[in-house]
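*Asks:* Sequential numbering from 14 applies to the sequence shown in the working numbering.
Yeah, the Cβ is synthetic: ideal placement off N, Cα and C, and Gly gets one too.
Remember, it's a predicted structure, so these values are computed and weren't measured experimentally.
Supplied in structure tokens, the structure appears directly below.
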Amino acid sequence: MTDNRAVAVVGLGAVLPDANDPQAFWNNIQTGRNSISEVSDDRWRSALYYSPDHSVIDKTYSKIGAWVRTFNLDAFKWGIAIPPRVLQNMDMSQQWAIDASRQALSDYGYPQRRLDPERVAVIIGNTLAGEGHYNSTFRIRLPEYMDVLSTLPDFQALPEATRQALLQGLQGGVRSMVPDITEDTMPGELPNIIAGRVANVFNFSGPNFITDAACASSLAAIQAAVDGLLNYQYDAVLTGGVD
14 MTDNRAVAVV GLGAVLPDAN DPQAFWNNIQ TGRNSISEVS DDRWRSALYY SPDHSVIDKT
74 YSKIGAWVRT FNLDAFKWGI AIPPRVLQNM DMSQQWAIDA SRQALSDYGY PQRRLDPERV
134 AVIIGNTLAG EGHYNSTFRI RLPEYMDVLS TLPDFQALPE ATRQALLQGL QGGVRSMVPD
194 ITEDTMPGEL PNIIAGRVAN VFNFSGPNFI TDAACASSLA AIQAAVDGLL NYQYDAVLTG
254 GVD
């Protein structure tokens with residue numbers, strides 16, 4: 014069945030490699046800018062994970078991609094009320110969604126141009142949340158890694174003081190890389206909180222949820238958003254994808 018009723022796109026926002034807003038992205042297209050490059054150590058250390066040999070297990074044979082490098086969520090400047098401790102534990106996928114939504118709302122003209130907060134939905138496509146849960150899981154399971162190390166015969170043959178120093182060094186190194194696990198950790202990395210966080214900071218109380226259809230997640234979000242508009246479930250919707 015085909016529904017020919019129209020919906021209007023009234024604002025755009027984006028956070029992309031080498032482009033922190035839609036205009037910068039369009040300029041990159043016009044000038045033919047290539048944003049593909051080798052991964053930098055702040056994302057993952059290719060020396061640890063890369064091998065050109067496709068048959069090597071637990072390695073990747075690619076180290077190129079397009080990376081968001083210069084993003085900073087300046088919540089205070091934008092008047093977004095997010096406590097610093099919460100922001101520290103907030104996955105970048107949530108931060109990108111907030112900023113792209115802020116841009117789209119500003120492009121529309123909000124808050125000068127009115128929207129009824131009770132009639133605004135947030136539907137965002139996402140798969141596997143972001144990368145924060147990998148880090149927190151690494152820290153949570155640290156006792157298991159330390160236990161494996163402790164059971165190695167060569168490790169057990171070391172003097173007690175040396176064993177304790179190695180275990181403490183491993184523990185301290187991991188803890189320095191990953192924030193403390195607190196009550197803010199889980200909300201900071203759950204995928205469904207991406208939409209909820211946007212709804213919360215902009216005080217929208219319409220439906221908010223994510224769609225997960227793997228590589229089609231953002232298309233599923235747009236489909237759900239349009240269906241809701243056509244069925245008068247809300248008057249406006251922030252929709253798109255984040256990964």
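1. Quick check on DSSP: helix, strand or coil for T224?
2. Taking the C-alpha atoms as reference points, what is the distance between P124 and E144?
3. Identify, in the order they occur along the chain, each residue of the same chain with its Cβ nearer than 8 Å to the Cβ of R176, setting aside the five sequence neighbours on each side.
4. When the Cα of R46 is compared with those of D120, S114, V191, A37, which residue comes out closest?
5. Below 7 Å between beta carbons: does that hold for T224 and A208?
6. Tell me whether V214 is buried or exposed, calling it buried when 16 or more other Cβ atoms sit within 10 Å of its Cβ.
7. Alpha carbon to alpha carbon, what distance is there between D87 and N148?
8. Would DSSP call L118 helix, strand or coil?
9. So for Y247, helix, strand or coil by DSSP?
10. In chain order, what residues of the same chain lie with their CB nearer than 7 Å to the CB of Y63, ignoring the 5 residues before and after it?
11. How about S64: is its Cβ closer than 6 Å to a heavy atom in the ligand COA?
12. Which of helix, strand or coil does DSSP assign to G143?
13. What is the residue span of the beta strand (DSSP E) that G78 lies within?
14. Closer than 7 Å by C-beta to M9: which residues in its own chain qualify, once you throw out the five before and the five after it? Chain order, please.
15. What are the boundary residues of the beta strand (DSSP E) that E51 is part of?
16. State yes or no: is the C-beta of I111 within less than 7 Å of the C-beta of V28?
*Replies:* Per the coordinate set shown:
1. Strand at T224.
2. 32 Å
3. S163, F168, Q169
4. A37
5. no
6. buried
7. 23 Å
8. helix
9. coil
10. K72, T73, K76
11. With respect to the ligand COA, the structure shown offers nothing to examine, as it has no ligands at all.
12. It is coil, neither helix nor strand.
13. 77-79
14. Residue numbering for the chain in the displayed model covers 14 to 256; residue 9 lies beyond these limits and cannot be assessed.
15. 49-51
16. no
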